[in-house]
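Chains as they are written, first to last, in my numbering: chain A, 896 to 1176; chain B, -12 to 294. Okay, structure first, notes after.
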Amino acid sequence: MMSDVRRQRRLEQTVIFLGLLALSLIWLTPFATVVLSAIRGQGDLLARGVFSLPKKIAWSNFAEAWSTGDFSIYFRNSLLLIAMKVPLGIFIAALAAYPLAKLRFRFSGAIFIFFLAGLAVPVQVTLQPLLVMMKQLGIANSLFALVPPYVAFGLPFQIFVLRGFFRLIPSELLEAARLDGASEWTAFLRVMLPLSVPALATLCIIDVLATWNEFLIALVLISAKESRTVPVGLLQFQGEYSSQYTLLMAGILISIVPVIAIFIFLQRYFVAGLTAGAVKG
Amino acid sequence: MSEITLGARRPVIVRRRRWRIPVTAIPYLFLAPATLWYAAFLVYPMLQSLYVSFFDWDGLSPTMTFVGLENYINIFAVDEVARLALWNNILWTVGALVLPTFFGLMLALALNRRAPASTLFRTIFYSPAVLPLVAVGLIWAWMYNPHFGVVNVTLKAVGLRSWTNGWLSNYEMALPATFVTFIWSHVGFPMIFYLAGLQAISKDYYEAATIDGANAFQRFRHVTMPGLAETHVIVLSLAVINGFKVFDLVYTMTYGGPGRSTQVLGTWMYFQTFQYYHAGYGSALAWVIAAIVLVIAIPYIRRMSRG
């Protein structure tokens, strides 16, 4: 009887495993398609089909896509943008999350909901006024135009996650710092932030990916080539080389390799952060 | 002279204690940078857009003509593309509520059993979600290529030549084809939310149910589903919110076409505002999206503000 149950369970496990295996192969097909299309000559691809192995590996596609697609400009811009946006946004969010988590004051609930409502605001409803505003500020078409909306749209989620994390840190530690004569500012900077490094790091990773991937705001606020970020640049590249499939796939691969690398190496931190607060306890 | 007076009046110790911030102001000072930033670059543009939506304006010229609710009336009564776009958003959202949610739950249930290589499977199913949607759209546009794309090549190889299709250039198939791409790229979200939710359900409940003679289906029905109630709120709310915000995939894969068959509110707003220079009308479209999403998000935001 016991062995029957065990055998049935093993059968179940095997069926589930095979199902997952089949499905994961389907899920990997688009990745395989990109790679198999990017590493060969166009003639080879069209004559022998995507699923065939390349006759000869054409590494030169990557160098050609990189230079003809001006990816060096787009990579530089996206990296600069990340360097400006991510630390600034997360620091401002941490500042706001601290009193919401640890101090008692009037309207704290209302202020928190005011920020949370931002989670549901579609970017579209701010685009046209943002464009006008950036023109007035004289930074339309520059990378700087993206920092204000990117930070603003990042705040709701970041404040939400950091408030949740800050609340888990024992208030006694802050109390001890205050008794030692630390101001609220020092308690935040010297006690709260160092203890929150895991949450801050997680948010940084999520934010780096989101900034790298953002498309619509960058599409509207930036038209000059010198200021384009990777997604907008990639789409431009596609517009110019839409029938040069191998070159296009090489360009796509170039622009997704950084996010894939970050995801694979740092996913432990990343996945936990995304679901933070979604589950009780 | 004055220096001496000052020095004489104030003992050193007092001078070192600078002006003190009133305790009650401290929380608001911490909140000030985020609040001002958020107000200036999110709330203000939102309200400005609401204001613009009551005008006939090209977005550039200094003259704006007040038209009251005309833009909104046009969306629902005159502009057939807007109604099609709204309908496409509704179809998309219903699809997003059912398919990725169901697949995500099934994957989470399977992965939660600690099957071999479950971490690897989780990574594979989640990985498309970290890609830029522009790249996702371009990859799938290549897969849907009528002559050389993987989809048609595979159909021909397995003897289903009659199923081959222009996909993205076909009026009937373009939206479903784009939605398949959406499933591929988004199934990871419900999956990881449900995984986190499943892991928070105590094993004791399952043991108790088993002792009481509950079978697998009854355990799922009476332990797993109630245990996931909170997760359902999050997953379903996010599906609707994102269903009405959809832009990147449609823009990169079909550009709203063929014809205007795959226009959604997000893309139609973009075309109206930034391609046809109907800033007032585009703003009204944007506010239709915002109003729908904000109303639907109320239970989600309630849930997030608790605890």
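Note that CB positions come from ideal geometry on N, CA and C, so glycine has one too. Keep in mind it's a predicted model, so treat the numbers as computed, not measured.
{"Asked": "Buried or exposed: which applies to R1144 (chain A), given that a residue is buried once 16 or more other Cβ atoms fall within 10 Å of its Cβ?", "Found": "Note that residue 1144 (chain A) is Met in the sequence shown, not Arg. M1144 (chain A) is buried by the Cβ-count criterion."}
{"Asked": "Measure the C-alpha to C-alpha separation of F912 (chain A) and P103 (chain B) and round it to an integer number of angstroms.", "Found": "7 Å"}
{"Asked": "Measuring straight from C-alpha to C-alpha, what distance separates A95 (chain B) and L1032 (chain A)?", "Found": "48 Å"}
{"Asked": "Kindly confirm or deny that the region 1133 to 1151 of chain A and the region 955 to 963 of chain A touch, where touching means at least three C-beta pairs closer than 8 Å.", "Found": "yes"}
{"Asked": "Need the endpoints of the alpha helix (DSSP H) that S114 (chain B) sits in, please.", "Found": "Neither: S114 (chain B) is in no alpha helix (DSSP H) and is coded neither H nor E."}
{"Asked": "At 7 Å on the CB atoms, spell out the chain B contacts of F1158 (chain A), in chain order.", "Found": "S114, V117"}
{"Asked": "So, helix, strand or coil for T50 (chain B), using DSSP?", "Found": "coil"}
{"Asked": "Kindly list the residues whose CB is nearer than 7 Å to the CB of G55 (chain B), restricted to its own chain and excluding five residues on each side of it in sequence; keep chain order.", "Found": "F41"}
{"Asked": "Taking 8 Å as the threshold (beta carbon to beta carbon), is G153 (chain B) in contact with chain A?", "Found": "no"}
{"Asked": "Can you give me the C-alpha to C-alpha distance between I276 (chain B) and G1049 (chain A), rounded to a whole angstrom?", "Found": "20 Å"}
{"Asked": "Tell me whether the beta-carbon of I188 (chain B) lies closer than 8 Å to the beta-carbon of V1166 (chain A).", "Found": "no"}
{"Asked": "Using CA coordinates, which residue listed in A:V1092, A:G1128, A:S919, A:S1137 is at the minimum distance from R971 (chain A)?", "Found": "A:G1128"}
{"Asked": "Relative to the ligand HEM, is the shortest distance from any of its heavy atoms to the C-beta of A917 (chain A) smaller than 7 Å?", "Found": "Although the ligand HEM was asked about, the structure shown includes no ligands whatsoever."}
{"Asked": "Would you tell me roughly how many angstroms separate the C-alpha atoms of F1061 (chain A) and F1055 (chain A), rounded to the nearest one?", "Found": "10 Å"}
{"Asked": "Report the start-end ranges of each alpha helix (DSSP H) in the region 1052 to 1138 of chain A that is 4 residues or longer and not cut off at the edges.", "Found": "1066 to 1074, 1092 to 1108, 1111 to 1116, 1125 to 1135"}
{"Asked": "Give the interface partners of T1170 (chain A) over in chain B, defined as CB-CB distance under 7 Å, in chain order.", "Found": "I179, F180, A183"}
{"Asked": "Can you list, in chain order, the residues of the region 209 to 234 of chain B whose Cβ is nearer than 8 Å to any Cβ on chain A?", "Found": "E217, T218, I221, I228, F231, K232, F234"}
{"Asked": "Name the chain B residues that come within less than 8 Å of V1154 (chain A), Cβ to Cβ?", "Found": "V117, L118, P119"}
{"Asked": "For T52 (chain B), count neighbouring C-beta atoms within 10 Å of its own C-beta (all shown protein chains included) and say buried if the count is 16 or more, exposed if not.", "Found": "exposed"}
{"Asked": "Give the residues of chain A in contact with L29 (chain B), contact being defined as C-beta atoms less than 7 Å apart.", "Found": "G1013, V1016, T1021, A1047, F1048"}
{"Asked": "With distances taken between CB atoms, is the gap from A271 (chain B) to G46 (chain B) smaller than 8 Å?", "Found": "no"}
{"Asked": "Using the beta-carbon of each residue, which ones in chain B are nearer than 7 Å to L1041 (chain A)?", "Found": "Per Cβ cutoff of 7 Å: no residues; L1041 (chain A) is ~11 Å from chain B at best."}
{"Asked": "Within 8 Å (strictly less), CB to CB, does S292 (chain B) reach chain A?", "Found": "yes"}
{"Asked": "Give the residues from the region 252 to 268 of chain B that approach chain A closer than 9 Å (Cβ to any Cβ), ordered along the chain.", "Found": "L252, G253, M256, Y257, T260, F261, A266"}
{"Asked": "Per DSSP, F42 (chain B) is paired with what?", "Found": "B:F53"}
{"Asked": "Give me the residue from B:F17, B:L16, B:Y59, B:I111 with the minimum Cα distance to L37 (chain B).", "Found": "B:Y59"}
{"Asked": "Grouping DSSP H, G and I as helix and E and B as strand, with all else coil, what is I1008 (chain A)?", "Found": "helix"}
{"Asked": "Counting only C-beta atoms, is Q250 (chain B) closer than 8 Å to chain A at any point?", "Found": "no"}
{"Asked": "Do the region 1090 to 1107 of chain A and the region 1004 to 1015 of chain A make contact, defined as three or more Cβ pairs closer than 8 Å?", "Found": "no"}
{"Asked": "Reducing DSSP to helix, strand and coil, say where I1159 (chain A) ends up.", "Found": "helix"}
{"Asked": "Flag this pair as yes or no: are the beta carbons of P1126 (chain A) and P119 (chain B) separated by less than 8 Å?", "Found": "yes"}
{"Asked": "Give, in chain order, every residue of the region 970 to 987 of chain A whose Cβ lies closer than 7 Å to some Cβ of chain B.", "Found": "I987"}
{"Asked": "According to DSSP, simplified to helix, strand and coil, what is R935 (chain A)?", "Found": "coil"}
{"Asked": "For the 8 Å Cβ check, are there 3 or more pairs between the region 150 to 160 of chain B and the region 127 to 134 of chain B?", "Found": "yes"}
{"Asked": "Anything in chain A within Cβ reach of T197 (chain B), meaning under 7 Å, just list it in chain order.", "Found": "Neighbours of T197 (chain B) on chain A: none; closest Cβ ~11 Å, over 7 Å."}
{"Asked": "Output, in sequence order along the chain, the residues in the region 80 to 103 of chain B whose CB is closer than 7 Å to any CB in chain A.", "Found": "A97, R100, A102, P103"}
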